[in-house]
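Chemist:
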Amino acid sequence: FVSGLHADTSADMQRYEQLRGQGVPFVLVNGFSAKVQAPFISPDDRAAMRLAVTHLVALGHTRIGLAVGPKRFVPVLRKIEGFHATMQEQLGLGPDEVEELIQHSLYTLEGG
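According to our numbering, the sequence shown is numbered sequentially starting from 248.
#1: Under the assumption that Leu312 contacts Leu348 (Cβ atoms under 8 Å), give the Cβ distance between them as a whole number of angstroms.
#2: If you check the beta carbons only, do Pro317 and Leu353 fall under 8 Å apart?
#3: Which first and last residues belong to the beta strand (DSSP E) in which His351 is found?
#4: Under 8 Å: do the segment 270–277 and the segment 297–307 share three or more Cβ pairs, one atom per stretch?
#5: Along the chain, where does the alpha helix (DSSP H) containing Ala314 start, and where does it finish?
#6: With DSSP collapsed to three states, give me the class of Leu303.
#7: When you compare only the Cα positions, how much space is there between Glu346 and Phe320?
#8: If you run the structure through DSSP and keep just helix, strand and coil, what is Leu275?
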């Protein structure tokens with residue numbers, strides 16, 4: 248069984264309770280949800296953004312953008328948090344300035 252709804256903060260988590268009720272073991276991948284009692288594994292998206300921005304700043308870049316999916320997805324929220332913090336720390340940008348550098352698109356071919 249594969250599902251990614253746990254990473255969507257607006258999704259109904261009932262399917263996971265049904266799985267638990269049926270005794271089906273499962274692990275959440277790339278999206279923790281406090282609404283679902285299950286083990287999980289995820290990359291450190293905040294640290295990844297810190298590394299990426301730090302590298303680009305070290306190369307001399309000062310205008311760095313972030314293209315991510317919709318805000319309702321847990322990995323997107325973590326990336327945005329890391330991007331905001333690092334852009335503010337490394338380049339002295341304010342929260343509104345950083346927000347202008349973030350573009351959201353859908354996870355589709357057209358969205359990139």
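For every residue, glycine included, the Cβ atom is placed at its ideal position computed from N, Cα and C.
Modeler: With the given structure in hand:
#1: Numbered from 1 along the sequence shown, position 65 holds the residue referred to as residue 312. Numbered from 1 along the sequence shown, position 101 holds the residue referred to as residue 348. First, the residue type needs correcting, since residue 312 is Gly and not Leu in the sequence shown. With 8 Å as the limit, Gly312 and Leu348 qualify as a contact, their Cβ atoms being about 5 Å apart.
#2: Within the sequence shown, numbered from 1, the residue matching residue 317 stands at position 70. Within the sequence shown, numbered from 1, the residue matching residue 353 stands at position 106. Cβ atoms of Pro317 and Leu353: closer than 8 Å.
#3: Translated into the one-based positions of the sequence shown, residue 351 becomes position 104. Residues Ile349 to His351.
#4: no
#5: The residue you call residue 314 lines up with position 67 of the sequence shown. Element bounds for Ala314: not the alpha helix (DSSP H) but the beta strand (DSSP E), Leu313 to Val315.
#6: As a position in the sequence shown, residue 303 is number 56, starting the count at 1. Helix.
#7: Counting from one through the sequence shown, the residue named residue 346 turns up at place 99. Counting from one through the sequence shown, the residue named residue 320 turns up at place 73. Taking the straight line joining both Cα atoms gives about 17 Å.
#8: To locate residue 275, count along the sequence shown from 1; it is residue 28. Looking at Leu275 - three-state DSSP - the assignment turns out to be strand.
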